[in-house]
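In the numbering used here, the protein residues as written are 12 to 85.
See below:
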């Protein structure tokens, strides 16, 4: 019979096992915003994208600040 390996206490979870690992990656938030603003109807969510932009915009990030202003106009 095959025994499944178990994690020992004190060992860190691998990155792939963490549900928030993808959003920790640089640019992942921007990729999600782009997907929500895409022309693909399956993924479109402009209000959701604007909310993400509000969360993602950081001081000095002119590009995201401009996108946030454009979202607020629509």
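C-beta: ideal position from N, C-alpha, C; glycine also. It should be emphasised that the depicted structure is a prediction, and the values quoted were computed from it without experimental measurement.
At what residues does the alpha helix (DSSP H) containing residue i begin and finish?
i	result
residue 73	73–84
residue 43	39–47
residue 52	From DSSP, residue 52 is part of no alpha helix (DSSP H); its letter is neither H nor E.
Taking the C-alpha atoms as reference points, what is the distance between residue i and residue j?
i	j	result
residue 71	residue 51	30 Å
residue 65	residue 47	14 Å
residue 61	residue 38	16 Å
residue 75	residue 53	24 Å
residue 55	residue 79	17 Å
residue 82	residue 44	11 Å
residue 40	residue 67	7 Å
residue 77	residue 49	17 Å
Relative to the alpha-carbon of residue i, which residue among the options has its alpha-carbon at the smallest distance?
i	options	result
residue 84	73, 58 and 40	58
Mind checking if residue i is an interface residue toward chain D, Cβ cutoff 8 Å exclusive?
i	result
residue 80	This model lacks chain D altogether, as it is built from one protein chain only.
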